[in-house]
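Notes follow once the structure below has been shown.
In this note's numbering, the protein residues as written are 559 to 689.
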């Protein structure tokens, strides 16, 4: 079973518009979806409407909220920006084998690297690999 950590922008995109294609992530079998409070709050902060926040809460109920990982933070800071390090650290601390993010700017250089202990993928790439 894949342990898949969802970044804030994935949560935001799923909650922004009801029925968004990215919500297919929640329909996958043999996948355990994970996120952190930091990621959830990042998504919530950028949603404007009450119905979007309500949908975010429904989506969050379908995944496991994992703790932040201070033990992995220094390692993560050596790879990504300070703002993104808590995401990568939480994914590592939760023993995720995939981090799904739409943040190509900051995580793009890590995508496709085989020397990392987890795979970093876009939502489209991850869903494509699963079909």
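Don't be surprised by glycine CBs; every beta carbon is placed ideally from N, CA and C.
Distances from the CA of residue 636 to each of 610, 665 and 614 were compared; the closest alpha carbon is that of 665.
In terms of Cβ geometry, residue 656 and residue 684 form a close pair [threshold 8 Å]. The beta carbon of residue 601 sits closer than 7 Å to those of 566, 569, 570, 573 and 614, all from its chain and outside the five residues before and after it, given in chain order. Per DSSP, the continuous alpha helix (DSSP H) segment holding residue 568 begins and ends at 566-574. In this structure, residue 624 places its C-beta atom within 8 Å of the C-beta atom of residue 592.
Excluding the 5 residues flanking it on each side, residue 669 has same chain C-beta neighbours closer than 7 Å at 678 and 679, in chain order. The C-alpha of residue 575 is placed about 7 Å away from the C-alpha of residue 610.
Setting aside the 5 residues that flank it on each side, residue 661 is surrounded in the same chain by 565, 567 and 642, each with a C-beta closer than 8 Å to its C-beta; the list follows chain order. Annotation: residue 605 to residue 622 spans about 21 Å, alpha carbon to alpha carbon. Comparing C-alpha distances from residue 629 to each of 653, 578 and 612 shows the shortest one belongs to 653.
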